[in-house]
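**Student:** Quick one: the structure is below, and I'll ask about it shortly.
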Amino acid sequence: MDLVIKNGTVVTSENTSIADIYVKDGKIAAILDKDQSFDFAEKNPVSKVIDASGKLVMPGGVDVHTHLDMPFMGTSSVDDFESGTISAIYGGVTSIIDYAIPEKNQSLIECLNIWHKKAKAKAYVDYGFHMSVVPPVEKVLDELKELVDSGITSIKCFFAYKNALMINDESFIQLLKKAKESGILVCVHAEDGEVIDLLTKKFIAENKTEPHYHALSRPAEFEEKSVEKILNFAESEDASIYFVHISTKSAIEKINKSKMRGVKVLIETCPQYLLLTDELYLKPNFEGAKYVMSPPLRSKKHLYGLVSALKQGQIDVIATDHCSFNFGVEKQLGKDCFAKIPNGIPGLETRMPLIFKKMVVEEGISLSDFVKINCTTPAKIFGLTSKGDIKIGYDADIVIWDATCRSKIKAANLHHKVDYNPYEGFESAGKIETVLLRGNVIMDNGNLVINSPSGKFIKREKIISNGFIL
Ligand code: URP
Ligand code: ZN
Ligand code: ZN
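In terms of the working numbering, the sequence shown opens at residue -15 and continues consecutively.
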């Protein structure tokens, strides 16, 4: 055996127990209690022992929604695959799926090659890509099969960002049909780009240009309405849908009703919608821009609704939507008008410690549920078949946490490249001490211990069959 992690409190998606985890050739080879472990070690000499007494031993985090090094709104997201994935490790994350976004009229395969170049030899954690499908959609429908053959089995489309990324209803239905045939899962950004465009123009005409008009131009009801429309399309095509970054209680309620009718639908939300609310847009000195993202932060009513839905098992995934911009540089593009503030916030490094504090410590969800929502379910949904859990045969992507530790989030102590953090001063729970990626220790005692990136591209298998997630 190459390594054993001894005496830790091992948390899987199914249970929590004191156990020893044996690793060989980058895979989990055995998970044994004390007595079994004694016998096993006698017959299987072990090269390295990590003592995890008193610590939680969990699967590496899986963040299935990031935007690294992405051209967007006249600039580029600041964290690239190097800084983004280093900050991921400090946040206990060992796999990401990043959204490739083609330029207008660019072929999907050409875009995919560009994303491979961005990530190769830069990523410190394992990675896959989703492909965004932007207008003109009809031109790229025939590329979906090749996309699947290249290991890209999920696509995203946007009902937002009019005149840039926004899809229309007719193209969306065509895409749903073609994706279903090809075994691709369709991820959807559900807002109403037409309404947003109208309200944005109205506010600008009235000289209402401060950051909080970003939120006012994207009303909560229009997430619900958009979700409803998309669910109807999915139902009539018998297709599966994955809603990204759901931000409202009312959208969850609509989705729950449709699930009862048998619609195949999955829900992602993000830490920002579970922890932050829309009054932050009113911060003085343009600081509201730090929270400009789409969909925007919502009222307390929605935040409480999402927390409660999560506790009832109605939310499948927490992902970050990490899309970072400096407050002092890129966010200033919108100094004179909210519509020009690049949309997005950082999150890769803070997701797990903040959600541990909020959902495990304060709201009392089980450790296994924490693992499910941050690791196992996202890996399962997106076909990362050897990631997201502690099971024999799975990749030894393992994080050792000191769960007793409490600390305050400070941008200056984080490892992404941007100059602020939306959670500045928030208390987080759990210190990530040791991180293994495919059996190699990449973080030890809270410090990165590798000098060069070792993340690998994960070629994913088809994840849909006859409209159902496999
Ligand atoms: O504000 C956000 N969410 N920026 C990234 C692009 C997107 O819509 O996911
Ligand atoms: Zn989006
Ligand atoms: Zn996003």
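Glycine is no exception: its CB is placed at the ideal position from the N, C-alpha and C atoms. All values derive from a computational prediction rather than experimental measurement.
What's the C-alpha gap between L287 and T(-4)?
**Tutor:** Roughly 27 angstroms between the two C-alpha positions.
**Student:** Measuring CB to CB, does L368 end up less than 8 angstroms from R444?
**Tutor:** Contact: yes.
**Student:** Between the segment 43 to 53 and the segment 358 to 365, can you find at least three pairs of beta-carbon atoms closer than 8 angstroms?
**Tutor:** The answer is yes - the segment 43 to 53 touches the segment 358 to 365, with three or more Cβ pairs under 8 angstroms.
**Student:** Skipping 5 residues on each side, what residues in its chain have a beta carbon closer than 8 angstroms to that of P280?
**Tutor:** Excluding sequence neighbours, P280 sits near H198, A199, R202, S231, D262 and Y265.
**Student:** When every heavy atom of ligand 1 is checked, does at least one fall within less than 7 angstroms of the C-beta of H327?
**Tutor:** The amino acid at residue 327 is misidentified as His; the sequence shows Asn. Result yes, Cβ under 7 angstroms from ligand 1.
**Student:** Going by C-alpha to C-alpha distance, which of I188, I236, H229 and G328 sits closest to G272?
**Tutor:** It is G328 whose Cα lies nearest to the Cα of G272.
**Student:** Report the rounded CA-to-CA distance for K106 versus F441, giving the unit in angstroms.
**Tutor:** Going by the C-alpha atoms only, they are around 11 angstroms apart.
**Student:** Less than 7 angstroms separating the Cβ of V33 from some heavy atom of ligand 5?
**Tutor:** Ligand 5 is not part of the structure shown, which contains ligand 1, ligand 2 and ligand 3 as its ligands.
**Student:** Only counting the same chain, and skipping five residues up and downstream in sequence, which positions put a Cβ closer than 7 angstroms to that of G422?
**Tutor:** Here residue 422 is Arg; the residue named in the question, Gly, does not match the sequence. Within the same chain, R422 has close Cβ partners G10, D379, A380 and D381.
**Student:** State the Cα-Cα distance for the pair K238 and V132, rounded to the nearest angstrom.
**Tutor:** Each residue's alpha carbon lies about 31 angstroms from the other.
**Student:** Please report the distance separating the alpha-carbon of G68 from that of D23.
**Tutor:** Roughly 42 angstroms separates the two Cα atoms.
**Student:** List the DSSP bridge partners of L287.
**Tutor:** None; L287 has no bridge partner.
**Student:** When you compare the segment 110 to 121 with the segment 410 to 418, are there three or more beta-carbon pairs, one atom per stretch, that lie closer than 8 angstroms?
**Tutor:** The segment 110 to 121, when compared against the segment 410 to 418, does not touch it at the 8 angstroms Cβ threshold.
**Student:** Could you please give the first and the last residue of the uninterrupted beta strand (DSSP E) stretch that includes C171?
**Tutor:** Per DSSP, C171 belongs to the beta strand (DSSP E) from L169 to H173.
**Student:** Can we count H51 as close to ligand 3, meaning its CB is less than 7 angstroms from some heavy atom?
**Tutor:** For ligand 3, at least one heavy atom lies less than 7 angstroms from the Cβ of H51.
**Student:** Hey, is Y226 close to ligand 3, as in C-beta under 7 angstroms from one of its heavy atoms?
**Tutor:** Incorrect: Y226 has no Cβ contact closer than 7 angstroms to ligand 3.
**Student:** Quick one: does the C-beta of D373 sit closer than 7 angstroms to a heavy atom of ligand 3?
**Tutor:** Not under cutoff, so the answer is no.
**Student:** Could you tell me which whole beta strand (DSSP E) segments of length 3 or greater appear in the segment 233 to 269?
**Tutor:** You should have 249 to 253.
**Student:** For the alpha helix (DSSP H) that contains V48, what are its first and last residues?
**Tutor:** Counting along the chain, V48 falls outside any alpha helix (DSSP H), though it belongs to the beta strand (DSSP E) covering G45 to T50.
**Student:** Report the residue ranges of all alpha helix (DSSP H) runs contained in full by the segment 312 to 370; include only those spanning at least 4 residues, in chain order.
**Tutor:** Listed in chain order, the complete alpha helix (DSSP H) runs (minimum 4 residues) inside the segment 312 to 370 are 335 to 339, 351 to 355 and 361 to 365.
**Student:** Is I2 near I12, with beta carbons less than 8 angstroms apart?
**Tutor:** Cβ distance not < 8 angstroms, so I2 and I12 don't count as in contact.
**Student:** Taking 7 angstroms as the line, does the beta carbon of S138 fall inside it for any heavy atom of ligand 1?
**Tutor:** Not so, every heavy atom of ligand 1 lies at least 7 angstroms from the Cβ.
**Student:** Is the closest heavy atom of ligand 1 to the C-beta of M277 under 7 angstroms?
**Tutor:** Correct: M277 has its Cβ closer than 7 angstroms to ligand 1.
**Student:** Are there 16 or more other CB atoms within 10 angstroms of the CB of L182, so buried, or fewer, so exposed?
**Tutor:** It is exposed - the Cβ of L182 has fewer than 16 other Cβ atoms within 10 Å.
**Student:** Just the C-alpha distance for K146 and E175, rounded to the nearest angstrom, thanks.
**Tutor:** Approximately 11 angstroms, taken between the alpha carbons.
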